[in-house]
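FYI, the numbering for the sequence shown is 10 to 314, going by this note's numbering.
Beta carbons: idealized from backbone N, C-alpha and C, even for Gly.
First comes the structure, then the notes that go with it.
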Amino acid sequence: MRSLLSWFLFSTLLVSIRLEASEKKTYQMDTAPLRAEPELARDFQALQDKFQVEALSNAEHEKRLFILEQVIRKKPDWLDGYSMMAAEAFFLGSSFTDPKDHPTARKYLEDGEKKINECLKRAPSHMLCKFFKASLRAKIASIDGIFASLRYGQAVRDSWLEVVASGVDIQFRPNVSLQGSAHYGLGLFYRLVPNFFLMDWIFHIRGSIDESIKYHRAALKFDGENPCYTLMLSVSLLCKVKGKPNTPEYTEAMQLLNAPLPKPIDVAQAVCVHDVPKIRSEPKKTCGYTQAKYQDDVKEEDLKK
């Protein structure tokens with residue numbers, strides 16, 4: 010059997026990040042508890058090999074969750090095990106893209122959040138667990154609506170900023186890395202959070218379309234083969250000019266949208282490719298776009314109320 014670490018979900022031995030050589034850092038994932046269970050490790054590895062090239066079924070993700078749960082029962086202090094379970098929950102929740110399936114998606118995401126909370130009880134500063142806490146909460150927010158989720162905004166933003174500042178990277182999938190994901194999340198955050206004073210005063214967060222574009226550009230440097238990263242950069246460029254033609258941002262966005270996007274390797278990425286015609290046909294609606302739905306515009310008057 011190929012070394013479990015070589016193709017493991019959070020492989021750290023062959024990770025290279027797009028930073029200067031002197032700044033390169035890798036997260037040292039603890040896989041010993043899983044490797045100590047040879048049969049479980051073999052089954053997990055077989056699914057991991059498949060996951061590198063195609064989407065897993067819900068049943069296969071459930072099997073991976075079951076394997077990790079078995080190990081954690083024996084080793085309840087296995088912190089990286091909790092983050093791996095959260096990753097599975099995130100992938101599962103992201104695979105339900107039809108609005109009628111949002112309750113199911115939300116259940117998986119909440120289950121993942123419970124696992125992450127177990128990690129953070131044991132190690133409040135654990136970076137991966139904080140990252141997945143933020144990512145799960147942001148994914149839930151895309152279902153519940155931004156207005157209903159503003160109270161979580163500061164924690165989400167700060168966790169992603171911590172990852173960016175750390176310079177630490179991990180390759181989750183061939184076109185999904187820790188650094189790419191954190192930059193991508195911040196790109197979404199700064200577009201979807203409203204940009205007015207009361208946001209800063211009440212929630213200590215504030216949107217900025219320029220920051221959104223900056224982080225989406227950076228995300229593409231890490232995961233250039235991820236179609237969602239290209240789509241969301243286009244969305245932010247169009248949002249900046251409210252879809253107005255004959256602007257540099259509109260021209261760049263349409264060039265990106267008219268070019269072939271990288272091949273998706275799972276359902277969530279396929280949604281981004283599928284939504285390209287929607288964005289091209291309705292460029293003025295982009296500011297509230299997410300994979301889950303168009304977010305309602307949060308007005309300052311509503312916030313005052």
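Spatial distance of residue i from residue j (CA atoms)
i	j	result
N255	A55	51 angstroms
A132	R226	32 angstroms
W169	L49	32 angstroms
A30	L240	Legend: pLDDT at A30 = 33, less than 50; position of this residue unreliable, value from coordinates given subsequently. Looking at the two C-alpha atoms, the distance is approximately 30 angstroms.
M263	S243	7 angstroms
C281	P292	15 angstroms
T35	T113	34 angstroms
R73	R289	38 angstroms
T295	P257	16 angstroms
G196	M38	27 angstroms
L118	E97	9 angstroms
Q188	A228	7 angstroms
S245	I218	7 angstroms
E78	L266	41 angstroms
S92	S186	14 angstroms
R51	P42	13 angstroms
K253	P269	23 angstroms
E46	K83	10 angstroms
Y238	W87	32 angstroms
C248	F60	34 angstroms
D58	P108	30 angstroms
L129	Y259	43 angstroms
H283	G297	17 angstroms
S66	T106	14 angstroms
R44	H135	22 angstroms
Residue i and residue j closer than 9 angstroms at C-beta
i	j	result
Y193	E220	no
I152	R115	yes
L159	I211	yes
P203	V62	no
F53	I76	yes
G121	F140	no
D178	F231	yes
A64	V285	no
S175	Q300	no
Endpoints, the alpha helix (DSSP H) within which residue i is located
i	result
Q57	P47 to F60
S92	L88 to S103
M208	F206 to F212
S221	I218 to F231
L65	Where L65 is concerned, there is no enclosing alpha helix (DSSP H), given that its DSSP letter is neither H nor E.
T113	H111 to R131
R44	A41 to R44
Chain D contact for residue i (CB, 9 angstroms cutoff)
i	result
A227	The displayed structure is made up of one protein chain only, and chain D is not part of it.
Cut-off 7 angstroms between Cβ atoms - residues of its own chain near residue i, not counting five sequence neighbours on either side
i	result
R215	V202, N204, M208 and D209
E261	L246
Y161	R146 and A150
Sequence-distant residues of the same chain with beta carbon closer than 6 angstroms to residue i, five excluded per side
i	result
A191	W169, V172 and V173
K142	I125
E69	L56
V165	A143, R146 and A147
A279	P273
P271	E234 and P236
L101	H70 and Y117
E127	Y91
Spatial neighbours of residue i in its chain, beta-carbon cut-off 8 angstroms, leaving aside the 5 residues before and after
i	result
Q163	F212, H213 and I214
D89	F19, M38, D39, T40 and L137
Identify every run of the beta strand (DSSP E) within the segment 245-289, keeping only runs that are complete inside it and at least 3 residues long; order them along the chain. none
Unbroken alpha helix (DSSP H) runs of length 4 or more, entirely within the segment 134-192: which are they? 136-153, 155-158 and 162-175
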